[in-house]
Amino acid sequence: MRKIESKAQMVAAQGPLFACPVCHAPLTMVGTSLVCPQHHQFDLAKKGTVNFLNAPVATEYGTAMLAARRRVLQAGFFDPFVTRIASALTPDDRFLDIGCGEGTPTVKLAAHGATGIGFDISAPAINLAGALDSTVFFCVADLARLPFLAQTFSAIIDLFSPGAYAEFNRVLRPGGRIFKIIPDADYLRELRQGLYAGTPKGSYSNAKVLDRFLEVYPHATVTPITYDFAVTPALFADVVAMTPLTWQAPVDAKTALLATPPASVHVAVDLLQVQVD
1 MRKIESKAQM VAAQGPLFAC PVCHAPLTMV GTSLVCPQHH QFDLAKKGTV NFLNAPVATE
61 YGTAMLAARR RVLQAGFFDP FVTRIASALT PDDRFLDIGC GEGTPTVKLA AHGATGIGFD
121 ISAPAINLAG ALDSTVFFCV ADLARLPFLA QTFSAIIDLF SPGAYAEFNR VLRPGGRIFK
181 IIPDADYLRE LRQGLYAGTP KGSYSNAKVL DRFLEVYPHA TVTPITYDFA VTPALFADVV
241 AMTPLTWQAP VDAKTALLAT PPASVHVAVD LLQVQVD
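For the sequence shown, position 65 (counting from the first letter as 1) is numbered 65 according to the UniProt record's numbering, and the numbering increases by one without interruption.
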C-alpha cells in the first residue's frame with residue numbers, strides 16, 4: 001500500500017478530527033482528500049501529508065537548516081526530555097505536537113503507542129517529516145487557527161514553540177494535559193557566550209514566557225532539566241546551523257566559534273506541565 005493511502009486510512013479510522021480552515025465545518029476523508037460539507041477540499045500529498053494554508057508562508061527554515069536539525073535530533077539532542085514526555089503518554093492518548101518541524105521528536109513521542117499529529121507552518125519541514133517511517137500524521141497549519149475540531153486531543157506537546165493558549169484549550173479534551181518545553185538561561189550557553197559575549201544577547205531569561213504560562217495555568221508544575229550533550233565538530237556545526245540563536249550572529253564570531261568547537265553543549269530547559277479541566 002502506498003504511503004498516501006495508508007495515511008488516509010489512518011486518519012479515517014480516527015473519526016472526526018480535522019476542521020475546515022475555511023468554514024470550520026468537520027472534514028471527512030474521501031479517498032485521499034479531506035472534504036467538508038461546503039466542498040472545500042484538501043488533498044494529501046504523496047508522502048501522506050496535507051497543507052491547510054491558503055498561501056505559502058516564508059520562514060527561516062531552509063533545506064540546509066532542516067537537514068542539520070534532523071541530524072542533531074536523530075543523534076539524541078532532545079532525548080532526555082522527549083523520552084520523559086513520551087513515557088507519560090499511553091496508547092489511549094492522541095497528542096498534538098505544536099510546531100513539529102522536521103518531525104523527529106514527534107515520532108519519538110509516539111514511541112509508546114500514542115496517536116500523534118504533528119503540524120508546522122513550514123511546508124519544507126512537513127515535507128521532510130513526511131519522509132519518516134512512522135504512524136504520525138503531519139500537516140502544514142497555522143498555530144493561530146488550528147484546523148482541528150474542539151476537544152479532539154488528550155495531550156498537547158509544545159517544544160520551544162509559541163503558545164496559543166486559547167487554541168490549546170479549545171482542542172484539548174476535558175482533563176487533557178499540556179507539556180511545554182522552554183529554554184532556560186543556560187540553554188546553549190556555549191553558543192550564546194561564544195557569539196554574543198558583552199552584548200544584550202549574551203544573556204537570556206525565560207521569565208516572560210514562564211509568567212504568562214503560569215498566569216493562564218496557575219496550577220502548572222515547573223521541572224528544570226539540564227544535561228551536557230557530547231558533540232563532534234561536525235555535530236556542533238549542525239547545532240550552530242539549526243538554532244535561531246545563531247542566525248543573526250556576526251560572521252566572524254560564528255567562524256571563530258566553529259574553529260574551536262566545544263566537546264559538549266549544555267542543555268537547560270524547563271518542563272511545564274498542567275492538566276486542563
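We put the CB at the ideal spot given by N, CA and C, even for glycine. Small disclaimer: the values here were computed from a predicted structure and weren't measured.
Asked: Cβ neighbour criterion (16 or more within 10 Å) applied to Val120; Found: One point to set straight first is that residue 120 is Asp, not Val, in the sequence displayed. Buried, because 16 or more other Cβ atoms sit within 10 Å of the Cβ of Asp120.
Asked: For Gln273: DSSP bridge partner residues; Found: Phe179 and Thr221
Asked: Cβ-Cβ distance between Ser154 and Arg170 below 8 angstroms; Found: no
Asked: Endpoints, the beta strand (DSSP E) within which Asp158 is located; Found: Phe153 to Leu159
Asked: Burial state of Val57, where buried means 16 or more other Cβ atoms lie within 10 Å; Found: exposed
Asked: C-beta atoms of Phe138 and Gly118 nearer than 8 angstroms; Found: yes
Asked: Inter-stretch contact at 8 angstroms, needing at least 3 Cβ pairs: the segment 128-144 / the segment 161-169; Found: yes
Asked: CB of Thr104 within 8 angstroms of CB of Asp97, strictly; Found: no
Asked: Residue-chain proximity (Ala268, chain C), Cβ-Cβ < 8 angstroms; Found: You won't find chain C in this structure, because it holds only one protein chain.
Asked: Selection from Val30, Gly116, Gly113 and Leu132 that minimises the alpha carbon distance to Lys3; Found: Leu132
Asked: Asn54 in three-state terms, based on DSSP; Found: coil
Asked: Burial state of Glu60, where buried means 16 or more other Cβ atoms lie within 10 Å; Found: exposed
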